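First up is the structure itself, then whatever we jot down about it.
2 protein chains.
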Amino acid sequence: MNIGDVAEKSGLPPKTIRYYEEIGLVKPLRSANGYRTFLDSDVHKLAFLGRARALGFTIEDCRNLMALYDDDQRASSEVKEIAEQHLERIDNKIAELAQMRATLSHLVNACAGDHRPDCPILADLAATCPDGDLIDTTA
Amino acid sequence: MNIGDVAEKSGLPPKTIRYYEEIGLVKPLRSANGYRTFLDSDVHKLAFLGRARALGFTIEDCRNLMALYDDDQRASSEVKEIAEQHLERIDNKIAELAQMRATLSHLVNACAGDHRPDCPILADLAATCPDGDLIDTTA
DNA sequence: GTTGACCTTCCAGTAAGGGGAGGCCCTAGG
DNA sequence: CCTAGGGCCTCCCCTTACTGGAAGGTCAAC
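Chains as they are written, first to last, in the working numbering: chain A, 25 to 163; chain B, 25 to 163.
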């Protein structure tokens, strides 16, 4: 199978598949003309990677998950730990975004959004200094 | 004022300040020895940038917000639009993360996390193919 | 035989800086 | 007067996970 077919079957772009080969996630064979030749198992791996990436796992997570997948002596606790750490990263990120959202949404609601220059959003960005300085927001 | 003082006052690392100069967000003067010389207005700008970045605005957003801040003919609607677009990006990102979180959390709960190899997380990553193929998850 | 689709490699770029090398400048202490 | 130290400078590579493009080889069809 050539890379185009694999791309279609796995749902990953050819560029991504080449990249995954470069970083050692898949190891396709080569035919005489230099083209990459993929097995069904490669397609399977790539689909696995695509799904793991879609869940937000890093490439390194994916590498570890694949290794565990290939290891029938694995303990599910190892897999679970990777997933739990990722879940925590996601929760942290969501919390961070929610905090931004709250502040930003508050500012947006306070802004008239008309033709006048007065703007609480800019005022907030300009005025809130770490050392408590009050800066002239009319500038 | 040298870059070290400005870093302390603005809360941004010197590296970041140099980077902001490189991309044209601040334009410090230079003294005879080649050192950057900052004015209070530069510190003000940098603090502004730091807060905008903390709210997740991109550098390009920051550039535009600063331009609006410097323009006393601005309409607050322009500021509000930038903020609203950013708010939408945040909401999209949160939704995406929440979706990941839901799936992942479901899988984590389903995983025993013990010494045995059986793992619903790996099974899910391996089995759900775009074209509906069922792949042997006992491998 | 030639067109066009496919494949190859390599280079460069993304966002927003971080790390570190190699080297100048300036001040304080002995 | 010399040196140690800390601060500053530029320059280059590194990060994540790809994506785009250029230059060129291959293959099947018309």
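C-beta: ideal position from N, C-alpha, C; glycine also. Quick caveat, the model's predicted, so the values are computed rather than measured.
Within the model, the alpha-carbon separation for A/R125 versus A/D96 is close to 44 Å. Taking the Cα positions, B/K33 is about 21 Å away from B/R87. The Cβ-Cβ distance between A/G80 and A/I114 falls below 8 Å. Only exposed fits A/L63, as fewer than 16 other CB atoms lie within 10 angstroms of its CB. Residue burial annotation: B/R54 is exposed, with fewer than 16 other C-beta atoms found within 10 angstroms of its C-beta. Taking a beta-carbon distance threshold of 8 Å, B/M124 counts as an interface residue toward chain A.
Here the alpha carbons of A/V50 and A/M25 stand approximately 14 Å from one another. About 10 Å separates the beta carbon of A/E105 from that of A/L92, a gap too long to meet the 8 Å contact definition.
Annotated three-state conformation of A/L79 is coil, per DSSP. Look at B/R140 here: in three-state DSSP terms it is coil, with no helix or strand label. Between A/A151 and B/P37, the alpha-carbon positions lie close to 20 Å from each other.
Assignment of beta-bridge partners to B/L53 by DSSP yields B/T61. Judged by DSSP secondary structure, A/D96 falls outside any alpha helix (DSSP H); it is assigned neither H nor E. In the three-state scheme derived from DSSP, where H, G and I count as helix and E and B as strand, A/G48 is classed as coil.
When the Cα atoms are used, A/I145 and B/G28 turn out to be separated by approximately 29 Å. Under the three-state reduction of DSSP output, A/L111 falls in the helix class. Residue nearest to B/D142 within the set A/K39, A/R98, A/A147 is A/R98 (criterion: CA-CA distance). About 7 Å separates the beta carbon of A/I83 from that of A/I47, a gap short enough to meet the 8 Å contact definition. Here B/A56 is exposed: its Cβ has fewer than 16 other Cβ atoms, across all protein chains shown, within 10 Å.
In summary, the residues of the segment 132-155 of chain A whose CB is separated from some CB of chain B by less than 8 Å are V132, C135, A136, G137, D138, H139, R140, P141, D142, C143, I145, L146, D148, L149, A150, T152, C153, P154, D155, in the order they occur in the chain.
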